[in-house]
């Protein structure tokens, strides 16, 4: 039997599970936990089966009756609803969660890109005024061989990245980001422009600064390659988690 819900989401779709935080809880911890998971089965129009999420290498046992927001990443866009855990079990060596949808599924209108946690080396520099003027005139011309500074990307998406470094750029700076990704068995170098959205010093690491960057003037081919890299890496992670489940 085919359910209406199957027109929007299907087995294999990636989803994020975010705890619904009540006002009292938010005051106590101030943190909204979000976990990565995957749709296993559409049981009915208001019930789905998903994989039990992991946090690093530890299985996260979502409590029965726990309430969560679900964000489904599908080829047709991002969908969202709320749900409640009704059961959890192990089926065919896969730890699963049965969830009842407690709200209607809706298209998530804000453009979103899945953020993939990583540790990738990156080199960057602030653009010269002469280079910025070429961007404003829609004729991007970058000066070669200018010195770059090292940093580490800690998460990446099709819309931007977050990196840490022992230096700090100014907010709203335009920078060149240079890094390499391994895509479909081949290495590719990316030289992308970004705008620094925020900068903050890490509380537990004095002298280390976190930067959030949004890509600008990015072509679709580069964006699609980054998204492909993220999906490939996520598939590898899910496969490792399944292998771990089989060993438990």
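In this note's numbering, the protein residues as written are 298 to 545.
Quick reminder that beta carbons are idealized off the backbone N, C-alpha and C, glycines included.
Asked: Cutoff 8 Å; reference residue 468; Cβ partners in own chain excluding five residues on either side; Found: 493, 494, 495, 496
Asked: Residue 458 versus residue 510 - alpha carbon distance; Found: 5 Å
Asked: Rounded straight-line distance, which links the Cα of residue 343 to that of residue 490; Found: 43 Å
Asked: Alpha-carbon spacing of residue 460 relative to residue 300, whole angstroms; Found: 43 Å
Asked: Alpha carbon of residue 438 to alpha carbon of residue 530, nearest angstrom; Found: 33 Å
Asked: Contacting residues, own chain, Cβ-Cβ under 7 Å from residue 589 (five flanking each side not counted); Found: Within the shown structure, residues of the chain are numbered from 298 to 545, placing residue 589 beyond reach of any answer.
Asked: Where residue 440 falls, given that 16 or more other Cβ within 10 Å makes a residue buried; Found: exposed
Asked: Within 7 Å, strictly: CB atoms of residue 402 and residue 378; Found: yes
Asked: Residue 380 versus 444, 317, 338, residue with shortest Cα-Cα distance; Found: 317
Asked: Proximity of residue 312 and residue 348 at Cβ, strictly below 7 Å; Found: no
Asked: Where residue 320 falls: helix, strand or coil (DSSP); Found: Because residue 320 sits at a pLDDT of 45, beneath the cut-off of 50, its placement in the model cannot be relied upon, and the following sentence gives the value as read from the coordinates. Helix, per DSSP.
Asked: Residue from 332, 336, 330, 302 whose Cα sits closest to the Cα of residue 308; Found: 336
Asked: Sequence-distant residues of its chain with Cβ nearer than 6 Å to residue 523 (five each side left out); Found: 455
Asked: Helix, strand or coil at residue 428 [DSSP, three-state]; Found: helix
Asked: Endpoints, the beta strand (DSSP E) within which residue 423 is located; Found: 413-423
Asked: DSSP state of residue 408 mapped onto helix, strand, coil; Found: Confidence at residue 408 is low in this model, with a pLDDT of 49, below 50, so the placement of that residue is unreliable and no value is reported for it.
Asked: Option nearest residue 339 by Cα separation, candidates 303, 411, 426; Found: 303
Asked: Chain-order list of residues whose beta-carbon lies under 6 Å from that of residue 364 (same chain, five-residue window excluded); Found: 317, 381
Asked: Three-way DSSP call (helix, strand, coil) for residue 519 in this model; Found: helix
Asked: Chain-order list of residues whose beta-carbon lies under 8 Å from that of residue 425 (same chain, five-residue window excluded); Found: 440, 443
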